[in-house]
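Chains as they are written, first to last, in the numbering used here: chain A, 1 to 395; chain B, 1001 to 1395. The C-beta atom is built at its ideal place from N, Cα and C for all residues, glycine as well. It should be emphasised that the depicted structure is a prediction, and the values quoted were computed from it without experimental measurement.
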């Protein structure tokens, strides 16, 4: 009878343990679901990768986590995030598909749970040396989108010293599925953003190129404006709007007769009035693009003067959109430091002097101050013919 | 003693039930995680909403599911998905924040679990009549992004006749969190896509407008090309590429001297050679935009002739990119049905006759056939001055 009772109790205790195990699993799944919402909520790849690492390490109670992505050719696996390492340290950290644990996982498209790497031939010391770590136990899972492997994620060494188990593997695999989707979404968005900016740049450049004296003008004005904007501590969002406004500030020139745009001598009054229509034409052109919003008035007002007397509306001071005031400085600096048919380019020093002289008259003193700061730091360079830049990283 | 034993057994049975309950919960959470991956994997809002509804109904074992989104002004809640209803039926289905259960949830930003709506004052029969349903039990949760309510999701009536419980509410809330994130991502992507297309259209129109005889040309060529493409059963992805190629086919005209572009009399040989540079200029301009890929050669070759003898490369037949062959038909049709300084526009019938005549000589017979089909269906209309269209829905 006693034995019988004892068995009964053991059963009951196991039952209790089993429930505890289930409860812990439920908690982990609920955490994973919450984490998934976080991961999906950003399009910024860097931020996303950092989140995945943080969540992965906490959820797996792991000492380290890293994420690798395949390049377009599928020939190199790049470490894009490694716990404890900064992004800049990762630049040369690549391995080949097939090399080490992660390479094996990517090549074979299968997850690996290795309780002790010292007894596994696939393990490569080279990766450990690269990452300055000592792997004991590891889980590595492929990152996969619609059957295509795009990389791998791995965690190493449980903090409690025990090896990873099947349950950890299943949980980490779930995280990897969600992460792969988010990475792919982030890349698609970045790609479209990049396409949009490249297109804007290309078309603005084509308009500048109608007159070889203004070749590269919009791109330079955009670069100078961004430097001023950074000095003014504008955030990423504002810098993007500023960049678009600057890139498109002269887009209205497409509506100005070519013979006036490219005239080699001074313009007469009638011609000057004609060319002064370009900010208004540009703004009107872009009105149907609802997302441009305030960018449109920034374009309209880039030839207003801080002290009044500019065009098209003759508004002054703070009534002029802030980005227009920034662009006015950048635009004038680029015009002065570029050759014109009727005069040679000013030196950078001369042009800076002129901008200073007209602070408060033509230009907003705040913008001039930031321009001077950026210029003193060597951020604003009058390379008359800059090569075409590639599109900026997606915001 | 007997009472004692009995109590012990009850405990044990409850323990068993608890265990079952936990296992069921784990299964549901695992399903939710899988569902989340699916939801996040599309940017297409319609597809995404359908998925959320399907998953919601299955997960909740519910008779019905609906999703409402707030309009930009926050004044109307639009039913954007209702189980058993087609998208077209939902157009006029709106309620106000505050109205009915969903209106209450959106207004207060709180979830509701109502086991029996007949005893709840917030319940509105009007919504039931609108949706042709009889609600007994309901769960309604807000869709929320970073503290901002964007809408609500609701499920009604458990299929087993029992009312919903707290556990169902918690699960549905998790689904709603993931769905809200996915909806927001989808909208951001659509918005950027829309911005990109609007910008392309605006700039292409501006170039067409340099010569008032070609005003609206690129947009019409794009519309005609898409109709031909649809008749050829191109998929969404291909139609997007075709639209971009058609919209940008004349972009190289930006590099052609205005006096040649707008000349009112016949062009001499030298001028004709000059203007024939535009496909090459356009293609070269766009080379830096890596995402354009094959679109670039479609632009380069839109003036080639199927039988040879076109420009710039004189290639023929299938060597000409397929989209260029489509655009060639659309482009010629629009040119013929538009006025020119030296001739009046052809009638649509005359122009169709000409296109037919040159099938196999100037045009790909497949494209001509599809053009004729689309034209016979009234899909290709020579409205010489079409008003500016809004951007197409995001792909």
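- With contacts defined by Cβ atoms closer than 8 Å, residue 1095 of chain B and residue 1153 of chain B do not form a contacting pair.
- Residue burial annotation: residue 361 of chain A is exposed, with fewer than 16 other C-beta atoms found within 10 angstroms of its C-beta.
- Inside the segment 1037-1094 of chain B, DSSP marks whole alpha helix (DSSP H) runs of 4 or more residues at positions 1045-1060, from first to last along the chain.
- With contacts defined as CB atoms closer than 8 Å, residue 151 of chain A and residue 69 of chain A qualify as a contacting pair.
- Excluding five sequence positions before and after residue 1324 of chain B, the CB atoms of its chain that fall closer than 7 Å to its own CB belong to 1298, 1301, 1302 and 1304, given in chain order.
- At least 8 Å separates the CB of residue 1081 of chain B from every CB of chain A.
- Taking 8 Å as the threshold, the shortest C-beta distance from residue 185 of chain A to chain B falls below it.
- A Cβ-Cβ contact shorter than 8 Å links residue 64 of chain A with residue 83 of chain A.
- Residue contact check for residue 1036 of chain B against chain A: a CB pair falls below 8 Å.
- Within the model, the alpha-carbon separation for residue 189 of chain A versus residue 322 of chain A is close to 29 Å.
- DSSP places residue 1219 of chain B in the helix class (H, G or I) of the three-state scheme.
- The beta carbon of residue 1366 of chain B sits closer than 7 Å to none of the beta carbons in its chain outside the five residues before and after it.
- Taken atom to atom, the span from the alpha-carbon of residue 374 of chain A to that of residue 368 of chain A is near 10 Å.
- Taken in chain order, the complete alpha helix (DSSP H) segments of 4 residues or longer contained in the segment 1249-1306 of chain B are 1258-1261, 1269-1275, 1278-1286 and 1295-1300.
- A Cβ-Cβ contact shorter than 8 Å links residue 1213 of chain B with residue 1340 of chain B.
- Around the beta carbon of residue 1273 of chain B, fewer than 16 other beta carbons sit within 10 angstroms, so the residue counts as exposed.
- At least 8 Å separates the CB of residue 142 of chain A from every CB of chain B.
- Contacts with chain B at 8 Å (Cβ-Cβ) include residue 41 of chain A.
- In terms of Cβ geometry, residue 1275 of chain B and residue 1244 of chain B do not form a close pair [threshold 8 Å].
- For residue 328 of chain A, the number of other beta carbons within 10 angstroms of its own is at least 16, and it is reported as buried.
- Of all residues in the segment 1267-1282 of chain B, none comes within less than 8 Å of chain A when Cβ atoms are compared.
- Closest in alpha carbon position to residue 1054 of chain B, among B:1039, B:1254 and B:1134, is B:1039.
- Cβ contact annotation for residue 291 of chain A (same chain, cutoff 8 Å, sequence separation greater than five): none.
- Distance check between residue 1122 of chain B and each of B:1138, B:1131 and B:1080 places B:1138 closest, using alpha-carbon atoms only.
- Of all alpha-carbon atoms in A:278, A:28, A:318 and A:284, the one lying nearest the alpha-carbon of residue 311 of chain A is that of A:278.
- Restricted to the segment 1109-1175 of chain B, the beta strand (DSSP E) segments that are unbroken, complete and at least 3 residues in length are 1112-1114, 1138-1145 and 1148-1158, listed in chain order.
- In the DSSP secondary-structure assignment, residue 1343 of chain B is bridged to B:1340.
- In the DSSP assignment, residue 1097 of chain B falls outside any alpha helix (DSSP H) and carries neither an H nor an E.
- Between residue 252 of chain A and residue 282 of chain A, the CB-CB gap stays under 8 Å.
- Cβ-Cβ distances below 7 Å link residue 1331 of chain B to 1221, 1249 and 1302 in the same chain, with the five nearest sequence neighbours on each side left out; the list follows chain order.
- Taken through DSSP and simplified to helix, strand or coil, residue 1363 of chain B comes out as strand.
- Closest option to residue 148 of chain A, judged by alpha-carbon separation, among A:135, A:124 and A:177: A:177.
- In this structure, the beta-carbon distance from residue 1168 of chain B to residue 1060 of chain B falls below 8 Å.
- Leaving aside the five residues that flank residue 110 of chain A on each side, the residues in its chain whose CB is nearer than 8 Å to its CB run, in chain order, 142.
- When Cβ-Cβ separations below 8 Å define contact, residue 176 of chain A makes no contact with chain B.
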